[in-house]
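Those protein sequence lines, which keep their order, are chains A and B.
FYI, in this note's numbering the residues of the first sequence are 797 to 1361.
FYI, in this note's numbering the residues of the second sequence are 797 to 1361.
Data first, discussion second: the structure below is written as structure tokens.
2 protein chains.
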Amino acid sequence: MNRESAAPAGAGAFDATADIVVVGGGGGGLPAALFSRWNGDEVILLEKAEQLGGTARKAAFWYWVPNNVRMREAGIEDPEEDFLRYAARLSRPQQYDPSSPTLGLSEWEFAQIRAIYESASPAAELLAERDALPYRWCEAVPDYWAELPEDRAPIGRVFVPEGARESMSDGGLVGVATMSAAAERDGVDIRLRHRVQRLVIVDGAVVGVEATGPQGTVRVGARKAVIFASGGFTHDPELRANFLSAPAYGGCAAITNEGDFVRIGSAAGAQLRNMNQAWMCPVPLESAVSRDPSLSGMFSVAGDSMLFVDKTGRRVVNEKLPYNELAQMFFQWDPLRGEYPYLVLVQVWDQRAQENSASDEYGRLIVGSTGASDAHVLRGETLEELEDAVRERAAKYATVTGGLALADDWADNLRASIARFNEMAETGVDRDFGRGERAVQQLFNGDVREEPGRTNPTMWPLSASGPYYAALVTGGTLDTKGGPKATPDGQVVDDMDRPIPGLYGVGNCVASPSARAYWAGGATLGPIIAFAYRAANAATKEQQRTVSSSVLSSSGHDREELAWR
Amino acid sequence: MNRESAAPAGAGAFDATADIVVVGGGGGGLPAALFSRWNGDEVILLEKAEQLGGTARKAAFWYWVPNNVRMREAGIEDPEEDFLRYAARLSRPQQYDPSSPTLGLSEWEFAQIRAIYESASPAAELLAERDALPYRWCEAVPDYWAELPEDRAPIGRVFVPEGARESMSDGGLVGVATMSAAAERDGVDIRLRHRVQRLVIVDGAVVGVEATGPQGTVRVGARKAVIFASGGFTHDPELRANFLSAPAYGGCAAITNEGDFVRIGSAAGAQLRNMNQAWMCPVPLESAVSRDPSLSGMFSVAGDSMLFVDKTGRRVVNEKLPYNELAQMFFQWDPLRGEYPYLVLVQVWDQRAQENSASDEYGRLIVGSTGASDAHVLRGETLEELEDAVRERAAKYATVTGGLALADDWADNLRASIARFNEMAETGVDRDFGRGERAVQQLFNGDVREEPGRTNPTMWPLSASGPYYAALVTGGTLDTKGGPKATPDGQVVDDMDRPIPGLYGVGNCVASPSARAYWAGGATLGPIIAFAYRAANAATKEQQRTVSSSVLSSSGHDREELAWR
């Protein structure tokens, strides 16, 4: 289904109508549809893909719920003012002002983060009560900036779908399954393979959408509201290149996340916000370039006897930084040479790490024999052989990396980098980059061989003999954070901050107040669920549009013969 | 004149009409109006400010003209394919692919840089021939990346208005004066104090604009086209924060550059491009925060016995980097501490630099007794006194710098930084940051005391005794680079790359193909003049709109009594 013009359509008959039309059936759309349905609204959900779930399906589906019921039961205090300080401090660090009524944020951003605090917990509880998303409390998972003085509740805010495995990596599959089942059970009218192309606008109000379905264009009317939850623009290279702060490669968002609401919302006069930021994640170069739909971001860089080096063979980064921070390191600019010197880094590990840290979870690059692809893995019996393999692979990608090539003395420098790394690993103290110093860095360490007595489980000396392994890593997005600006109740606003009647948005398709922050694991889905709840509750109060009968056909006249499902 | 809704207006009578309506009377609008007028079109130029000139008035008005007549006369070859390689290599370094037909750029970007090569020289020649912009060839000025192998014509591309003083710093005043005089002479109808608020669109075609003038709203019809040249969004903090790749403070664009065409163009369905990039420049913190309309970017960081240190007192950057590159250093992110550690740097100099490098040109911070403001200058007889002064000033700005404060041992670290700097200055080799290594770094060195025999005129040891001086520096924009996407002929396009009939744009109000590059001094105005020429030549070929007579009043019916001038 190709993209068509996003210019709004006008009056005319609809093929189907509902109170609420939800666009997108992932981590934002499913909750929005459920909350709307539970409010008594008729809901049609249009999903572009062949299946529900969007990006959430691929995620661990942690969700970050400040001041949640479990914390309160356990006596963990998470007062609003401290939560707001933590969020503001990280969202706009250069503007953070604890003495300001909005903590240095814009009024809109401040209102948005208050909305998260207020609604994430009731939203999560309602989803659980209705058996749409039973959860397990991850009481030991720390925030990503747990050490900041502003973080007064550094652990306890994370939930995961109840049935997820111990490692939580399949949380998305579980959560999407339970929410989808609840949507079926409770009568959400789900129509897959429908790509919404544009809004239907009559007299300045959004009264429906036009979508491309399996049988062609269909017009779906919305008596109360259209709620977009169609994801970000991770898979639109043009939007990435022209909006994101870093020239990130693709990422692990659902492959259907092509920025549809950037265009559709703009065409209705919405203002765009936070278009420069993304939820970032390192990614294996090969899968990012090939736009592999199964691509997982590297949420966890596995291995202790493992390091990253640059094209000169030098270690330049703390490999265990949280993924959002690590991903940004690839885009440091060298103002003298006019290049991104770390655009592609090389992960190097030894046989010991291969044997003890292999995993097919969380996008780890050290894979074992579980069936996960190892097409990205290069191998050499010696560092010189490894250099040959890396050089050959890099050459294959030179046209999409600005001509990336290894330095002539790469193996020599790598040997020196390993020597220094090994010396520091012996002591457990990374004097260069502080690897393993923070709780969050250990959280994502992955499996490593137990080494009794060591103080830093993220580091161990690499072996003096091969085989050695390597993979090419770059920075990508989990998904983007920008899009139309919406009120704390999800109402999309125009250039004068006036709500566009009937138009709502939640999730990665609208602007996130997180700005540059990745507050914690689940800081994506927790707020998204909160906003889905608020949008559904606001949309249900919209008066049914009084457009002429020729515009909104009654549901009895739906052209059911189209059999969209 | 406050901003109003940018939602397009519809049919209705006009207060005035012309063939071409130009919005903005700066470095893009004046040439666009002149070229249009010389094509025989009636032109109304609407300028928001009380005077013509926009950002160009404040600039040195270098303009970069590849393969120009003077180069050809002097036998300097500047072949197109090499020019394109140089431009592409710097615009999108991470995509640059010399083997690709578009060199790794998008087709649109490639077509745009070809248009610059093709049209900058004829445009410059025509402006000179008509006595609107006589020029002086700056035959010795190098490109900013002259050392790159892709730059086959590293000197010779820069022009400056003919009557500019030797230092060229008043080029903008001269160029704006000559172009304004030509516009008056040749019958461009110039109307100041008119803020265009929205387009008038009838049957999908742009047929005019609505502006707020001294007497209220006026509607100005355009029989052929409206050409926007209204500047970037340097002075809209919301747009800066939500689009730019770096959280830059304000800058030296005309204070009226508030992103008007981002909103107005979007409301007509234009797609936005290159919204993440800006022409960047260091700026003195105080003027940037106060939005001083007279703010000059620091195009030249003056002084040899001068260095920059961070809030810990450590030297962290090559102070003589070209301004666009230097400005980006302020926004390096520290992923462990969650802050921009270099958001504000401290320029420190000694009495020797004060006496020999003072200047009121090019935004230099070492000012003498010429009347330029020295409100940003801090002073101490000792480094400890200097620390006190800097600490006090930083505290004053803590609410807008994320709580910036000097480290306790700042003066000690500064002393050590000076010692190391002095040691390197003795040898003329900056082993830490390569200061003075490139031609462009020496170009902007400013006045320094002659020191016979030294090899590096950008460095000299700081005195062991006071007084010492300091100033707070951060990163800002000269102006931004993003906005509606336009074809190489200036036609603004919608989300399907279809030209929006009657709508054109040139200059910093539309997307620049330079992406992240600042190719050379004058790489702003040279291309802008080229695109003004192309837009005027395309717009003149537009058929006069056949909208009903009630929409376009004849010029005889203009309500001249409004006396807009």
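Cβ coordinates follow ideal geometry from the N, Cα and C atoms, glycine included.
Computed from a predicted model, the values in this text were never measured in an experiment.
Within 8 Å, strictly: CB atoms of residue i and residue j
| i | j | result |
| --- | --- | --- |
| residue 1271 (chain A) | residue 1126 (chain A) | yes |
| residue 1052 (chain A) | residue 800 (chain A) | no |
| residue 1207 (chain A) | residue 1200 (chain A) | no |
| residue 920 (chain A) | residue 1325 (chain A) | yes |
| residue 1231 (chain B) | residue 1254 (chain B) | yes |
| residue 1259 (chain A) | residue 1109 (chain A) | no |
| residue 1142 (chain B) | residue 1102 (chain B) | no |
| residue 1328 (chain A) | residue 824 (chain A) | yes |
| residue 1185 (chain A) | residue 1124 (chain A) | no |
Residue i versus residue j: straight-line alpha-carbon distance, rounded
| i | j | result |
| --- | --- | --- |
| residue 889 (chain A) | residue 882 (chain A) | 10 Å |
| residue 1157 (chain B) | residue 852 (chain B) | 15 Å |
| residue 1148 (chain B) | residue 854 (chain B) | 29 Å |
| residue 842 (chain B) | residue 1023 (chain B) | 10 Å |
| residue 897 (chain A) | residue 904 (chain B) | 45 Å |
| residue 977 (chain B) | residue 839 (chain B) | 15 Å |
| residue 910 (chain B) | residue 820 (chain B) | 25 Å |
| residue 934 (chain B) | residue 1079 (chain B) | 26 Å |
| residue 1344 (chain A) | residue 1338 (chain A) | Because residue 1344 (chain A) carries a pLDDT of 44, less than 50, the predicted location of this residue cannot be relied on, and the following value inherits that uncertainty. About 17 Å. |
| residue 1085 (chain A) | residue 1316 (chain B) | 32 Å |
| residue 879 (chain B) | residue 946 (chain B) | 8 Å |
| residue 1134 (chain A) | residue 975 (chain B) | 35 Å |
| residue 803 (chain B) | residue 1040 (chain A) | 26 Å |
| residue 1221 (chain A) | residue 1179 (chain A) | 19 Å |
| residue 1331 (chain A) | residue 835 (chain A) | 11 Å |
| residue 1014 (chain B) | residue 1096 (chain A) | 60 Å |
| residue 937 (chain B) | residue 1173 (chain A) | 49 Å |
| residue 1323 (chain A) | residue 1301 (chain A) | 13 Å |
| residue 1047 (chain B) | residue 1091 (chain B) | 7 Å |
| residue 906 (chain B) | residue 1198 (chain A) | 16 Å |
| residue 758 (chain B) | residue 1280 (chain B) | The structure shown has nothing for residue 758 (chain B), since chain B only spans 797 to 1361. |
| residue 1355 (chain B) | residue 809 (chain B) | Low confidence applies to residue 1355 (chain B): its pLDDT is 35, below 50, so where it sits in the model is not reliable, and the reading given next is rough at best. Those two C-alpha atoms are separated by around 11 Å. |
| residue 807 (chain B) | residue 1294 (chain B) | 23 Å |
| residue 1155 (chain B) | residue 1162 (chain B) | 6 Å |
| residue 1152 (chain B) | residue 1267 (chain B) | 17 Å |
| residue 865 (chain B) | residue 928 (chain B) | 17 Å |
| residue 1236 (chain A) | residue 1132 (chain B) | 11 Å |
| residue 1248 (chain B) | residue 1224 (chain B) | 13 Å |
| residue 1111 (chain B) | residue 1211 (chain B) | 11 Å |
Candidates the options, of which the one nearest residue i by Cα
| i | options | result |
| --- | --- | --- |
| residue 950 (chain B) | B:912, B:992, B:905, B:872 | B:872 |
| residue 822 (chain A) | A:857, A:1172, A:1174, A:1164 | A:857 |
| residue 1303 (chain B) | B:1083, B:1278, B:1205 | B:1278 |
| residue 1030 (chain B) | B:1240, B:997, B:1093, B:989 | B:1093 |
| residue 1334 (chain A) | A:923, A:956, A:1021 | A:1021 |
| residue 941 (chain B) | B:1247, B:1010, B:983, B:1319 | B:1319 |
| residue 745 (chain A) | A:948, A:953, A:973 | Since the first residue of chain A shown is 797 and the last is 1361, residue 745 (chain A) is not available in this structure. |
| residue 1058 (chain B) | B:1081, B:1042, B:1032, B:1043 | B:1032 |
| residue 1012 (chain A) | A:997, A:1167, A:992, A:1000 | A:992 |
| residue 1312 (chain B) | B:1002, B:900, B:922, B:1120 | B:1120 |
| residue 1275 (chain B) | B:900, B:1072, B:924, B:1218 | B:1072 |
Within-8 Å CB hit, residue i to chain C
| i | result |
| --- | --- |
| residue 1139 (chain B) | Absent here is chain C; the protein component of the structure consists of chains A and B. |
DSSP bridge partner residues for residue i (one or two, in chain order)
| i | result |
| --- | --- |
| residue 980 (chain A) | Its beta-bridge partners do not exist; DSSP assigns none. |
| residue 1287 (chain A) | A:1300 |
| residue 986 (chain B) | B:841 |
| residue 1175 (chain B) | B:1265 |
| residue 1074 (chain A) | A:1276 |
Whole-angstrom C-beta distance between residue j and residue i, which should lie under 8 Å
| i | j | result |
| --- | --- | --- |
| residue 979 (chain A) | residue 814 (chain A) | About 13 Å; that fails the 8 Å criterion. |
| residue 1289 (chain A) | residue 1296 (chain A) | 7 Å |
| residue 1263 (chain A) | residue 1176 (chain A) | 7 Å |
| residue 1284 (chain B) | residue 908 (chain B) | 6 Å |
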